[in-house]
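Position 40 of the sequence shown, counted from 1, bears residue number 287 in this note's numbering, the numbering being contiguous throughout.
The C-beta atom is built at its ideal place from N, Cα and C for all residues, glycine as well.
These figures come from a predicted structure and were not determined experimentally.
Below is one structure; the comments refer to it alone.
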Amino acid sequence: MPGTVVVGIGNIIKRDDGVGVYVVRALEGRVPPGVDLVEGSVYCADMHGCIENRRKAIFIDGIDAGEEPGAVLRFTPEDMPAKTGGASMSVHDFGLYDLIRTARLMDRCPGEITIYAVQVKDVETGTELSPEVTAAVEKVCGLVIEELGV
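Structure representation (structure tokens):
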């Protein structure tokens, strides 16, 4: 079974929506060998190949959960319905929750899944993160590195 994958989800031309991609880029050179870093697209259905049958997957995504901008939430797929009132928090059409559910249906889901979600402030067209979300990037990097045991 392949090792760990860290997947940053987002659209870098929609400002804070790109936070997952920026976290993965910031992790380059900071994770141990055997940990794959993937810049995921906004259409999570395209990501089945990079997560299937992994021992562990860590996802980073921008969300709109009504928290303070830049707030970082950590949870598992089982926590998602409680945190979101049963709805997907993703700003994407086929989001992370959908990806995990379909991977489970196909019996190709990673053994362990952790999700770090950053509350977005601005998802208008642009390439810069808001100051609040910029500050969250390093915080999430630290949490991921800690989880990897580095």
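Indicate the three-state DSSP secondary structure (helix, strand or coil) for residue i in the structure shown.
| i | result |
| --- | --- |
| Ala382 | helix |
| Gly287 | strand |
| Ala304 | strand |
| Val282 | strand |
Does the separation of the CB atoms of residue i and residue j fall below 7 Å?
| i | j | result |
| --- | --- | --- |
| Gly255 | Ile307 | yes |
| Ser230 | Asp283 | Lying outside 248 to 397, the shown extent of the chain, residue 230 is not represented and no answer is given. |
| Gly309 | Val367 | yes |
| Ala382 | Leu320 | no |
| Gly281 | Gly250 | yes |
| Ile259 | Val268 | yes |
Just mark residue i as buried or exposed, buried being the case when its beta carbon has 16 or more other beta carbons within 10 Å.
| i | result |
| --- | --- |
| Pro324 | buried |
| Ser337 | Reliability fails at Ser337, whose pLDDT of 49 lies under 50, so the model's placement of it is uncertain and the value that follows must be treated cautiously. By the 10 Å Cβ count, Ser337 comes out buried. |
| Thr361 | buried |
| Gly257 | buried |
| Gly305 | Per the sequence presented here, residue 305 reads as Ile, with Gly not at that position. With 16 or more Cβ atoms within 10 Å of its Cβ, Ile305 is classed as buried. |
| Arg302 | exposed |
Could you name the residues that DSSP lists as bridge partners for residue i?
| i | result |
| --- | --- |
| Gly309 | Val365 |
| Ile256 | Gly287 |
| Arg411 | Lying outside 248 to 397, the shown extent of the chain, residue 411 is not represented and no answer is given. |
| Gly373 | Lys261 |
Taking residue i and residue j to be in contact with their CB atoms under 8 Å, please state how far apart those CB atoms are, rounded to whole angstroms.
| i | j | result |
| --- | --- | --- |
| Val271 | Val397 | Contact flag wrong, Cβ pair sits at about 15 Å. |
| Val266 | Val380 | 5 Å |
| Cys388 | Ala273 | 5 Å |
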